[in-house]
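Note sheet for the following structure.
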Amino acid sequence: MVNNNSPLVLALRRFTRHKLAMTSGMVLLVMILLALCAPLFEIWLGVGANDVNLLNRLQGPSLAHPLGTDELGRDQFLRLLYGGRVSLFVGFTAAVFSVVIGTVIGLTAGYFGGRVDAFLMRMTDSFIALPGLPLLIVIAAIDLSKLGLPDAWVQSESVSLYRIVFIVALLGWTGEARLVRGAALSLREREFVMAAKGAGASHRHIMFHHILPNLLSPIIVAVTLSIGGVILVESALSFLGLGIQPPVASWGNMLTNAQQLIWEAPMQAVYPGLMIFITVIAFNFLGDGLQDAFDPKAEY
Amino acid sequence: MAITPLLKVDNLSIGFDNDDGLVRVVEDVSFTLERGQTLSLVGESGCGKSLTAFALLQLLPPFGKILSGSVCLQGENLASMDEAQLQKIRGNRISMIFQEPMSALNPVFPVGVQVAEALILHKGMAKKAALKEAVGMLEKVGIPDPASRAVNYPHQLSGGMRQRVMIAIALACEPEILIADEPTTALDVTIQAQILDLMHDLQENLGTAILFISHDFGVVSRMADDIAVMYAGRVIEQGSSSDILLNPQHPYTQALLQTTPRIDASLDRLPAIAGRVPGPRRRPPGCCFAPRCSVAVDCCSKQRPERLALSKSHIAACHVLDSSKQEVSHAHG
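Same order as they appear, the protein sequences are chains A and B.
Counting along the first sequence from 1, when you hit position 198 you're at 198 in the numbering used here, and nothing is skipped either side.
Counting along the second sequence from 1, when you hit position 179 you're at 179 in the numbering used here, and nothing is skipped either side.
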């Protein structure tokens with residue numbers, strides 16, 4: 001028998017009534033699909049995203065180039081799609097990594113309380129106190145080959161991607177840790193935790209099988225909301241030249257390129273800027289919608 | 001040599017150790033519980049009933065600790081066991097049901113899963129087999145259509161159903177002892193009667209001993225073989241069900257029994273005991289009940305009354321009890 005009344009199903013049913021969030025979800029879905037299909041568009045248009053054609057510089061929209069070309073004659077539309085892949089990939093993975101770290105630390109602190117809590121939370125505080133951007137710049141400037149990592153890997157194009165994910169996850173887990181800790185602190189006083197103890201459950205079992213499932217909805221909301229933030233950080237880093245390295249496209253480094261030609265070709269800045277704007281705001285609306293849907297005080 | 005009782009609590013004292021220093025909350029509680037027997041702890045709120053129950057499972061709050069005395073399950077002292085050993089006993093040999101079944105069930109899991117969990121933890125059953133067994137358990141506690149109820153979440157069930165689920169969880173591993181902490185307080189009267197009958201039937205089938213905690217003599221009289229009346233952390237009268245209900249000796253027990261509504265007496269107002277239970281820090285040096293007692297004499301407020309054996313099964317702690325009775329009981333030894 002299928003049960004249609006699990007808390008998650010009920011929440012999703014409420015979510016579908018939230019128009020703004022549903023629209024945002026659709027927009028993001030389309031964006032993800034387009035980004036995933038980027039190689040197909042390359043075949044269809046007959047050019048690669050990194051193909052330079054100096055005879056075709058700064059062209060307007062046409063059938064061959066739906067959004068025109070940039071200062072090196074590369075197709076803007078394809079570069080936006082590939083930039084979207086980078087932004088969405090970095091956004092998802094970094095958000096998921098920060099949530100995993102934050103959840104484990106917050107859950108441990110909140111459940112055990114006392115000294116464990118004090119130690120972990122002071123550690124979290126000190127991470128929050130680290131000046132973000134300068135630290136990001138320092139970490140981004142580390143020469144990975146000197147850390148003894150294999151050369152082939154260090155020189156591959158994707159390494160700057162992983163580096164960004166690492167940096168953002170390293171600094172991004174603090175919010176989730178505080179959120180989860182607060183919720184765990186109140187959940188551990190609930191009677192069902194006492195009942196689980198009375199049934200002979202171990203601490204680990206209670207933490208991961210009783211408390212964590214109750215935290216699922218705030219965690220999902222936190223992940224969604226933080227993806228938008230991560231995309232902004234990634235764009236900022238790439239804009240500063242510390243993130244995704246050219247020729248690989250990202251929305252951030254497309255903005256950097258557009259800077260010098262802002263009067264000659266303003267649309268070059270508008271397209272990636274608009275993409276960042278739409279994506280971040282859509283994730284925020286989606287997060288808000290999920291938050292309302294998961295609200296325990298909402299009507300069924 | 002006497003046979004080891006199933007559960008023997010000996011001079012158990014529990015204290016809270018917080019910023020204001022140590023305070024004794026439960027003092028010198030002793031009782032034994034035999035297989036298939038029901039012992040009821042009765043008293044007003046805040047007199048240490050639930051705390052005593054949690055001490056049996058070694059589940060006191062972080063600032064609470066056992067100051068003296070012992071809790072022995074078939075001769076093994078639970079206080080000296082480590083956490084791993086205790087986890088094997090909790091839910092398996094001693095389990096507990098709570099007053100408020102809604103808050104004691106995890107809101108995000110179907111109830112069948114929660115019954116199965118106990119089986120997986122203690123019997124090492126595979127998930128599928130445990131879920132099947134859980135449905136059987138739900139049927140045993142009288143839930144109609146158990147297979148479709150098993151996938152329901154706690155919020156979809158009524159209060160009585162939820163308490164049945166709690167009982168199913170508690171009895172899944174066929175424990176030797178069931179601690180029921182006011183299991184029917186949150187339920188309405190007809191459901192209360194059903195749940196009490198259910199507990200009674202299951203006790204007869206499984207031979208479980210029940211420690212039944214309540215403030216309601218009406219409920220207790222249906223369930224208990226023995227009764228211990230607690231007041232301000234102490235057992236002030238203890239005896240068989242008929243000793244306490246038909247021949248109460250302590251003024252507190254008498255007063256408490258008078259507050260129980262009776263069907264054969266027509267009263268305009270239900271009698272109440274004036275005043276309230278003194279908190280653990282405000283307990284008077286003498287008998288704790290003296291300030292509220294209608295028959296208190298001088299020495300009541302100065303000296304703690306000793307426990308007197310009134311008959312083989314009946315014990316009470318009160319200065320006012322007939323002195324001739326005291327001599328008789330002393331003569332009995």
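C-beta atoms are modelled at their ideal positions from N, C-alpha and C, and glycine is treated no differently.
Remember, predicted model here, so these are calculated numbers, not experimental data.
Proximity winner among the options, relative to residue i (alpha-carbon distances)
i                  : options                                       : result
Ser-45 of chain B  : B:Ala-255, B:Ile-213, B:Glu-237 and B:Leu-245 : B:Ile-213
Ala-177 of chain A : A:Ile-206, A:Ile-139 and A:Ser-126            : A:Ser-126
Pro-213 of chain A : B:Pro-107, B:Thr-259, B:Ala-134 and B:Ala-296 : B:Pro-107
Thr-124 of chain A : A:Gly-132, A:Gly-102 and A:Ile-219            : A:Gly-102
Leu-270 of chain B : B:Cys-47, B:Thr-260 and B:Gly-279             : B:Thr-260
Thr-335 of chain B : B:Ser-158, B:Ala-272, B:Asn-11 and B:Leu-198  : Outside the shown range of chain B (1 to 333) lies residue 335 of chain B, about which nothing can therefore be said.
Pro-154 of chain B : B:Gly-112, B:Lys-140 and B:Ala-134            : B:Gly-112
Val-295 of chain B : B:Ser-313, B:Thr-184 and B:Gln-254            : B:Gln-254
Asp-19 of chain B  : B:Val-320, B:Phe-63, B:Gly-48 and B:Val-219   : B:Phe-63
Gly-198 of chain A : B:Cys-47, B:Leu-86 and B:Cys-72               : B:Leu-86
Arg-307 of chain B : B:Lys-65, B:Cys-318 and B:Ser-301             : B:Cys-318
Phe-166 of chain A : A:Val-30, A:Val-86, A:Val-99 and A:Ala-94     : A:Ala-94
Cut-off 6 Å between Cβ atoms - residues of its own chain near residue i, not counting five sequence neighbours on either side
i                  : result
Leu-67 of chain B  : Ser-13 and Gly-15
Thr-256 of chain A : Phe-239
Ala-184 of chain A : Leu-107, Gly-110, Tyr-111 and Ile-211
Leu-144 of chain A : Val-154
Ala-265 of chain A : Leu-58
Leu-28 of chain A  : Ala-282
Val-2 of chain A   : Low per-residue confidence applies at Val-2 of chain A: pLDDT is 49, beneath 50, and the placement is therefore not dependable enough to give any value.
Arg-93 of chain B  : Pro-175 and Glu-176
Arg-281 of chain B : Val-23
Val-233 of chain A : Val-168
Ala-21 of chain A  : Phe-285, Leu-286 and Gly-289
Burial state of residue i (16 or more Cβ within 10 Å)
i                  : result
Phe-54 of chain B  : buried
His-250 of chain B : buried
Thr-190 of chain B : exposed
Asp-243 of chain B : buried
Gly-75 of chain B  : exposed
Ala-126 of chain B : exposed
Trp-44 of chain A  : exposed
Ala-272 of chain B : exposed
Trp-263 of chain A : exposed
Arg-17 of chain A  : exposed
Leu-56 of chain B  : buried
Asp-201 of chain B : exposed
Glu-189 of chain A : exposed
Lys-49 of chain B  : buried
Gly-148 of chain A : exposed
Thr-224 of chain A : buried
Neighbouring residues, chain D, relative to residue i (Cβ below 8 Å)
i                 : result
Gln-87 of chain B : The structure shown contains no chain D; its protein chains are A and B.
For residue i, the three-state DSSP class (helix, strand or coil)
i                  : result
Ser-324 of chain B : For Ser-324 of chain B, the pLDDT reaches just 44, beneath the cut-off of 50, and the residue's location in the model is therefore unreliable, leaving the point undetermined.
Leu-39 of chain B  : strand
Ala-134 of chain B : helix
Val-189 of chain B : helix
Gly-172 of chain A : helix
Ile-262 of chain A : coil
Gly-48 of chain A  : coil
Gly-110 of chain A : helix
Ala-290 of chain B : helix
Thr-4 of chain B   : coil
His-330 of chain B : Confidence at His-330 of chain B is low in this model, with a pLDDT of 47, below 50, so its placement is unreliable and no value can be given for it.
Ala-118 of chain B : helix
Gln-238 of chain B : strand
Ala-196 of chain A : helix
Ser-214 of chain B : strand
Val-297 of chain B : coil
Contacts around residue i, its chain only, beta-carbon distance under 8 Å, and the 5 residues preceding and following it disregarded
i                  : result
Gly-136 of chain B : Pro-146
Arg-149 of chain B : Val-111, Gly-112, Leu-138, Ile-143, Leu-157 and Met-161
Gly-60 of chain A  : Gly-68
Phe-92 of chain A  : Ile-227
Identified DSSP bridge partners for residue i
i                  : result
Gln-245 of chain A : According to DSSP, which records beta bridges pairwise, Gln-245 of chain A is partnered with nothing at all.
Thr-69 of chain A  : A:Asp-75
Met-96 of chain B  : B:Ile-179
Ser-13 of chain B  : B:Ser-68
Val-23 of chain B  : B:Phe-16
Thr-32 of chain B  : B:Lys-8
Cut-off 7 Å between Cβ atoms - residues of its own chain near residue i, not counting five sequence neighbours on either side
i                  : result
Leu-179 of chain A : Gly-106, Pro-218 and Ala-222
Gly-273 of chain A : Leu-255
Arg-304 of chain B : Gly-286 and Cys-287
Ala-35 of chain A  : Leu-81, Gly-84, Arg-85 and Leu-88
beta-carbon residue i near the ligand NAD non-hydrogen atom, thresh 7 Å
i                  : result
Pro-305 of chain B : Among the components modelled here there is no ligand, and therefore nothing to report on the ligand NAD.
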